[in-house]
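Peer 1:
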Amino acid sequence: MLDYDKEAECYDASRGGEARAETAAHTVLGLIPPGPGRLLDVACGTGIVTRRLAAARPGLRVTGADLTPAMLHRAAARLPGAVVRADSRRLPFPDGAFDAVTTIWLLHLLDDPEDLRAVVAECARVLRPGGIYVTTVDKAAAHNVGSDIDAVLADRPRRAAPDATATVVAEAARHGLRPAGQGSFRSPGQGRSPRRTIADLRRGWFTQLPPGEPRTEEFAARLAALPDQERPRADPVFRVRAFRKPAPASP
Ligand SMILES: C[S@@+](CC[C@H](N)C(=O)[O-])C[C@H]1O[C@@H](n2cnc3c(N)ncnc32)[C@H](O)[C@@H]1O
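Per the UniProt record's numbering, numbering of the sequence shown is gapless, rising by one per residue and ending at 251.
1. Three Cβ pairs or more, each shorter than 8 angstroms: is that satisfied between the region 216–236 and the region 189–204?
2. So Phe98 and Phe185 are supposed to be a Cβ contact under 8 angstroms. How far apart are they, rounded?
3. Threshold first: 3 residues or longer. Then list the beta strand (DSSP E) segments lying entirely within the region 118–143, N to C.
4. Specify, as a first and last residue, the run of the beta strand (DSSP E) that Asp66 falls within.
5. Give me, in chain order, the residues of the same chain whose beta-carbon lies closer than 6 angstroms to that of Thr68; leave out the 5 immediate sequence neighbours on both sides.
6. Give the single residue among Ala124, Asp111 and Ala55 whose Cα lies nearest to the Cα of Pro179.
7. Should Arg89 and Val119 be called a contact, given that it needs their Cβ atoms to be closer than 7 angstroms?
8. With hydrogens ignored, establish whether the beta-carbon of Ser88 is closer than 6 angstroms to any heavy atom of ligand 1.
9. Following a CB-centred definition, is Tyr133 positioned closer than 6 angstroms to any heavy atom of ligand 1?
10. Can you say whether Ala142 is buried or exposed, counting buried as having 16 or more other CB atoms within 10 angstroms of its CB?
11. Quick one: Cα of Leu91 to Cα of Arg20, how far?
12. The alpha helix (DSSP H) that contains Gly183, what's its start and end?
13. Is the region 60–80 touching the region 34–51, taking contact as three or more C-beta pairs under 8 angstroms?
14. Does any heavy atom of ligand 1 sit closer than 6 angstroms to the C-beta of Val168?
15. Nearer than 6 angstroms: is that true of the beta carbon of Thr23 relative to any heavy atom of ligand 1?
16. With DSSP run on the structure shown, which of helix, strand or coil describes Thr103?
17. What first and last residue would you give for the beta strand (DSSP E) that runs through Leu226?
18. Let's test the definition: count the other Cβ atoms within 10 Å of the Cβ of Leu2 and tell me whether it reaches 16, buried, or not, exposed.
19. What is the rounded straight-line gap between the Cα of Glu7 and the Cα of Pro248?
20. CB-CB under 7 angstroms to Gly59, same chain, minus the five flanking residues each way: which ones, in chain order?
21. Look at Ala242 and Ile132 and say whether their C-beta atoms are less than 7 angstroms apart.
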């Protein structure tokens, strides 16, 4: 996993900024029934999306939780008094405390299947019966837009995606969560250019291609041979899934 204490400073600008936050929040809220309630945004990062969730639905009391101090520091400036430092594998909230729980761009980071299990279990636990869990899935695949860059990267070594839809659906089911909808959001301006992809390669973005290794430099050289080095290719489109925690049947 990237060191998010180091990422914090450049995080918003390098992850699509407010334009991405707006499309993400819009899609996530579209999967959460209207009305007042409490929402927990797990792994809220800098709060760039969390703030929009709160602003778009004044009836929602939104809390952000994240493990990384530098990310959380920024979130606290956006959502004063509404963020807590917490590990998503052990959430410091009672059972059933929230009407909605979100994990936006978290599950793809969880290489250890036990971590994925623990996070989904905790999200299910803190959700009230009848509540909704919304999460991004298949994050890495969002960048495959059929471009010449994708063609170069197609045969790179890669790890299995921890947030593959089938895995997340199965894990949600283990914890009693049932599919309740899906959506997607575009991240305007986050399309890759060859130059930016080379920079990402060299800073360890592609986890199976460590910076400085000959194989990494081979990919960098192939990317450097593409035309239009500065031109971003198509914007990535990120997928989102929603799950409901069933309410007990009435007597
Ligand atoms: C890619 S960022 C996503 C941030 C935010 N949700 C967004 O969409 O901008 C991933 C975040 O997950 C946080 N994170 C990673 N592991 C975590 C854990 N076990 N518990 C809580 N937060 C975690 C990182 O600190 C980072 O802020």
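We put the CB at the ideal spot given by N, CA and C, even for glycine.
Peer 2: Looking at the coordinates:
1. yes
2. Here residue 98 refers to the residue found at position 98 of the sequence shown. Here residue 185 refers to the residue found at position 185 of the sequence shown. Contact between Phe98 and Phe185 does not hold, since their C-beta atoms are separated by about 22 angstroms, which reaches or exceeds 8 angstroms.
3. Runs found: 127–137.
4. Within the sequence shown, residue 66 is the residue found at index 66, counting from 1. Run containing Asp66: Leu60 to Asp66, per the beta strand (DSSP E) assignment.
5. One-based indexing of the sequence shown puts residue 68 at position 68. Same-chain partners within the cutoff: Tyr4 and Asp5.
6. For this step, residue 179 is matched to residue 179 along the sequence shown. Per the Cα distances, Ala124.
7. If you number the sequence shown from 1, residue 89 lands on position 89. If you number the sequence shown from 1, residue 119 lands on position 119. Taking 7 angstroms as the Cβ cut-off, Arg89 and Val119 qualify as a contacting pair.
8. Stepping through the sequence shown from its first residue, residue 88 is reached at position 88. Flag set: Cβ of Ser88 near ligand 1.
9. By one-based count along the sequence shown, residue 133 stands at place 133. False, no ligand heavy atom lies under 6 angstroms from that Cβ.
10. Taking the first residue of the sequence shown as position 1, residue 142 is located at position 142. Burial call: buried.
11. The residue you call residue 91 lines up with position 91 of the sequence shown. The residue you call residue 20 lines up with position 20 of the sequence shown. Rounded to the nearest angstrom, the two C-alpha atoms are 27 angstroms apart.
12. Locating residue 183 in the sequence shown gives position 183, where the first residue counts as 1. From DSSP, Gly183 is part of no alpha helix (DSSP H) but of the beta strand (DSSP E) over Arg178 to Arg186.
13. yes
14. The count along the sequence shown starts at 1 and reaches residue 168 at position 168. Not under cutoff, so the answer is no.
15. Locating residue 23 in the sequence shown gives position 23, where the first residue counts as 1. Flag unset: Cβ of Thr23 not near ligand 1.
16. For the purposes of this step, residue 103 is taken as residue 103 along the sequence shown, with counting starting at 1. Three-state result, Thr103: strand.
17. Here residue 226 is taken as the residue at index 226 of the sequence shown, counted from 1. No beta strand (DSSP E) contains Leu226, which DSSP labels as neither H nor E.
18. Here the question's residue 2 lines up with position 2 in the sequence shown. Classification of Leu2: exposed, given that the 10 Å Cβ count is below 16.
19. The sequence position of residue 7 within the sequence shown is 7, counting from 1. The sequence position of residue 248 within the sequence shown is 248, counting from 1. Taking the straight line from one Cα to the other gives about 43 angstroms.
20. Residue numbering aside, residue 59 sits at position 59 when the sequence shown is read from its first letter. The answer, listed in chain order, is Gly35 and Pro36.
21. The residue you call residue 242 lines up with position 242 of the sequence shown. The residue you call residue 132 lines up with position 132 of the sequence shown. A contact, by the Cβ cut-off of 7 angstroms.
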